[in-house]
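Asker:
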Amino acid sequence: MNANRLNLRVRFLQLKPLYRFGLIGIAVVVIYVFLDDYCWSYARNWTQEGDRIQSLLERGAARENSLTKEVERAAIVFGSVEIPDDVAKTSESLALAVNETMKKHHITLYGYEALSGGKFSSGTMSEVAGAGRRIERMRGDVQFEISPDDVAQIIADFEESPSIDALNSIKLRWIENQKKVDIRLSTEAWAIAARDVRKKGGS
């Protein structure tokens with residue numbers, strides 16, 4: 012191995028200076044390309060990601076000073092806030108959330124009916140909805156039977172689902188001959204819809 016290296020070195024030194032400088036230049040370019048692709052690119056990405064995280068932390072710290080105690084308490088109680096989706100996606104997400112909750116509790120027989128929950132009053136969350144749009148309620152009425160021991164947990168699962176914004180009503184009825192509880196509840200999710208535009212007067 013040492014003899015081979017020695018031979019290569021001797022052959023390299025025997026080359027004309029122009030060729031030696033050319034080979035050195037090629038080696039430098041190859042090493043630079045390798046480092047740029049496999050080392051420095053990762054370093055640049057990590058630096059950019061670090062700068063982005065630092066910027067987010069600085070923005071969060073700046074906004075924290077302007078938050079009132081009421082907002083802080085609300086964030087602790089209600090958790091993170093998610094912007095409502097459009098009507099179609101919200102309706103689909105609501106039905107999927109109900110279906111997943113039923114699967115979790117091994118309930119295969121249940122009724123589900125999608126309904127319009129009505130509109131919010133004019134101006135409600137208008138900044139969230141945006142110009143020319145409004146917030147609309149989507150309802151999903153569910154009926155099923157379950158063991159009395161599981162009633163509290165399944166209701167908690169509905170309340171904790173990120174796709175369900177509220178439970179409007181919960182009705183429980185004891186079925187004596189089956190020793191089960193018949194549950195009828197109304198789930199609700201909020202969606203962003205186009206605001207109705209009606210022309211006044213004229214045809």
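Quick note on our numbering: the sequence shown kicks off at 12 and runs consecutively.
Don't be surprised by glycine CBs; every beta carbon is placed ideally from N, CA and C.
1. Any idea what DSSP makes of Lys182, helix, strand or coil?
2. Should Leu68 and Ile175 be called a contact, given that it needs their Cβ atoms to be closer than 8 Å?
3. Starting from Ile5 and walking both ways along the alpha helix (DSSP H), at which residues does that stretch end?
4. Determine the burial state of Ile35: buried for a count of at least 16 other Cβ atoms within 10 Å of its Cβ, exposed for fewer.
5. Go through its chain and collect everything with a Cβ distance to Ile157's Cβ below 8 Å, but skip five positions before and after it.
6. Consult DSSP for Val197 and reduce its assignment to one of helix, strand or coil.
7. Anyone know if the C-beta pair for Ala200 and Asp97 falls short of 8 Å?
8. Alpha carbon to alpha carbon, how far is Val44 from Ile37?
9. Given a threshold of 16 other Cβ atoms within 10 Å of its Cβ, counted over all protein chains shown, does Ala54 qualify as buried or as exposed?
Answerer: The answer reads as follows:
1. strand
2. Contact flag unset, no.
3. Because the chain here runs from 12 to 214, residue 5 falls outside it and cannot be looked at.
4. exposed
5. His116, Ile118, Ile165, Lys191, Val192 and Ile194
6. Looking at the sequence provided, one finds Ser at residue 197 rather than Val. It is a strand residue.
7. no
8. 11 Å
9. exposed
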